[in-house]
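In my numbering, the protein residues as written are 4 to 594.
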């Protein structure tokens, strides 16, 4: 691991020469834009690019409606209510971000957000309205001083947004490739994006490894929650976009800031994989956090009590549990009554009852679990990364909006606003040349693309257990050093198996091996950043450095992979990010 001075400047970024071990593409298609992901960010970007006349292909890892967006319960935050303003939304976001938000990015979000939500409604999304009227019903969540969270179906906001966008994509006739895992970025001889390789799972129009050739690639692949044993993320969230970007030479930032949602249904110490989320909106409507004795332990710890920012609530739950020698706390909403549970939180009620817990009559056992990556592939306000032609939006991106801790329900809004900005940037550029003139060529001679040793599928569980033990809610120099060493051991064993393939059984290329390899990549970068940040800030909690240190650490890491395929960290001079790339084109008009 290396580190040098202050951040990087604009200009082309050479590729790393690293790619996943995979068969050569057996088929290919041509497009102007390929969007990888089918959540709110990906489908919004695709619809806007198609509307601008660009031939757009959507690639998604499962079905169109199986991404992270559909699991979003709480809602989408925007200054839509009477008396609320973008400035107030800005202030709440900056407080939650603990000094590391890019204020210009946040101002863009909160200013363009209300109109973006109304455009989403015109696209077919139906939000809950106040009783007896057509005005959007708004609620509160943690960190918000105003009721500004729009929701749908009570606690099924993401599912409604996903439904509306999927229907719009199908109505527009966009070309989609489902059940496809993106593998690597294609670049031309000048290092410019020229498409992606991907593997389609199962039979269909395309099968096996292929390529989509396009001069613009939009990563909207979601998060990386599956790097931990217990998460609210769906199984597809294996950090594929971040890993692809790192192999392509792009910078990532703020990966150490993983938000652990404070109220996830506790199903026991051995629970693994996707866990049921108990939305922050439940606390927004007045549910109380209590210990086994019924004591409200958040009162007096923060002016907003249970509605404090998520990092504060998660730390309070962990601290109280450690004090009492238990594994979880409780969320008490019994005073809501059956009718409110059934009408406002039907999804959560059903999830709890499926595990023999009835929130109407008993408190819900809750504990923090990995929920959201505040960091990701570093972008500018147009969604451009440090690799020309590669864009990122949604959870896979680091726009600077979230800083050290995402404000509740800002994620759907960020995906919406910055996807529109990406489409506007692509539309403002000259129309692509004919396919024959821009066919994907070889990588630059200075960066030959060599295959990356694959992990065996069973290594996925080992990576998750290492990360949960060493880089979970509570971190220390000792726990992080242990995690780094264990992850390096896994990497070294994979490299040795690959080198000795003639005499040892190396993993065969396939979805499970590719996912495990991606998880190891993002895990190593996350741990390297968490080791370097010797302070507690936002959702990064160092037990051995419990105080926030603005003098030393009110800045970011810009991280790439070095020649040895290890994380290389460069520290920014300030809390702001350096430019990504200056191509001389004027900024597109706002949507």
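Virtual Cβ for every residue (Gly too), placed ideally from N, Cα, C. Since this is a predicted model, take the numbers as computed values, not measurements.
{"Item": "CB contact check: residue 560 to chain D, cutoff 8 Å", "Value": "Looking at the structure shown, chain D is missing, and only one protein chain is on hand."}
{"Item": "Residue 561 - DSSP class collapsed to helix/strand/coil", "Value": "strand"}
{"Item": "Beta-ladder partner(s) of residue 263, from DSSP", "Value": "373"}
{"Item": "Sheet register partners of residue 482 (DSSP bridge)", "Value": "Note: residue 482 sits in no beta bridge, so no partner."}
{"Item": "Contact check, residue 153 vs residue 44, beta carbons under 8 Å", "Value": "no"}
{"Item": "Rounded C-alpha distance that separates residue 159 from residue 426", "Value": "27 Å"}
{"Item": "Test item: CB-CB of residue 80 and residue 147 under 8 Å", "Value": "yes"}
{"Item": "Reference residue 271; option with closest CA among 369, 56, 346, 70", "Value": "369"}
{"Item": "Top-ranked residue by Cα proximity to residue 484, from 351, 545, 285", "Value": "545"}
{"Item": "8 Å contact criterion, which residue 214 and residue 200 should meet: CB distance rounded", "Value": "5 Å"}
{"Item": "Inter-residue spacing [alpha-carbon to alpha-carbon] between residue 56 and residue 34", "Value": "11 Å"}
{"Item": "Sub-8 Å separation of residue 235 and residue 119 beta-carbons", "Value": "no"}
{"Item": "Cβ neighbour criterion (16 or more within 10 Å) applied to residue 30", "Value": "exposed"}
{"Item": "Nearest neighbour of residue 277, chosen from 284, 244, 302, 233 [CA to CA]", "Value": "233"}
{"Item": "Residue range of the unbroken beta strand (DSSP E) whose run includes residue 332", "Value": "332-335"}
{"Item": "Cα-Cα separation between residue 36 and residue 552, rounded to whole angstroms", "Value": "42 Å"}
{"Item": "Exposure of residue 439, with buried meaning 16 or more beta-carbon neighbours within 10 Å", "Value": "Reliability fails at residue 439, whose pLDDT of 42 lies under 50, so the model's placement of it is uncertain and the value that follows must be treated cautiously. Under this definition residue 439 is an exposed residue."}
{"Item": "Whole-number beta carbon distance between residue 69 and residue 237, since they are thought to touch under 8 Å", "Value": "7 Å"}
{"Item": "Presumed contact (8 Å Cβ cut-off) between residue 526 and residue 466, rounded CB distance", "Value": "5 Å"}
{"Item": "contact_flag[the region 329-344, the region 494-504] where n(CB pairs < 8 Å) is 3 or more", "Value": "no"}
{"Item": "Under 8 Å between C-beta atoms of residue 127 and residue 155", "Value": "no"}
{"Item": "Residue 187: first and last residue of the uninterrupted beta strand (DSSP E) it sits in", "Value": "183-190"}
{"Item": "Option in 104, 530, 335, 569 with minimal Cα separation from residue 297", "Value": "335"}
{"Item": "Buried or exposed (CB count within 10 angstroms, at least 16 for buried), residue 366", "Value": "buried"}
{"Item": "Identified DSSP bridge partners for residue 429", "Value": "Residue 429 is not bridged to any residue."}
{"Item": "Reference residue 178; option with closest CA among 360, 132, 63, 259", "Value": "63"}
{"Item": "Residue from 412, 492, 212 with nearest C-alpha to residue 82", "Value": "412"}
{"Item": "Close Cβ partners of residue 448 (< 7 Å) along its chain, the five nearest in sequence each way excluded", "Value": "Its pLDDT being 32, under 50, residue 448 is placed unreliably in this model, and the coordinates cannot settle the point."}
{"Item": "Residue burial classification, residue 318 (beta-carbon count within 10 angstroms, cutoff 16)", "Value": "buried"}
{"Item": "Given 8 Å, three or more beta-carbon pairs between the region 394-410 and the region 278-294", "Value": "no"}
{"Item": "First and last residue of the uninterrupted alpha helix (DSSP H) at residue 469", "Value": "462-474"}
{"Item": "As assigned by DSSP and simplified to three states, the class of residue 234", "Value": "strand"}
{"Item": "Given residue 3 as reference, the closest of 390, 375, 333 once Cα atoms are compared", "Value": "The shown model of the chain, from 4 to 594, leaves out residue 3, and the question about it has no answer."}
{"Item": "Whole-angstrom C-beta distance between residue 131 and residue 157, which should lie under 8 Å", "Value": "7 Å"}
{"Item": "Beta-carbon proximity check, residue 93 vs residue 113, cutoff 8 Å", "Value": "yes"}
{"Item": "The region 380-394 touching the region 344-360, judged by at least three CB pairs closer than 8 Å", "Value": "no"}
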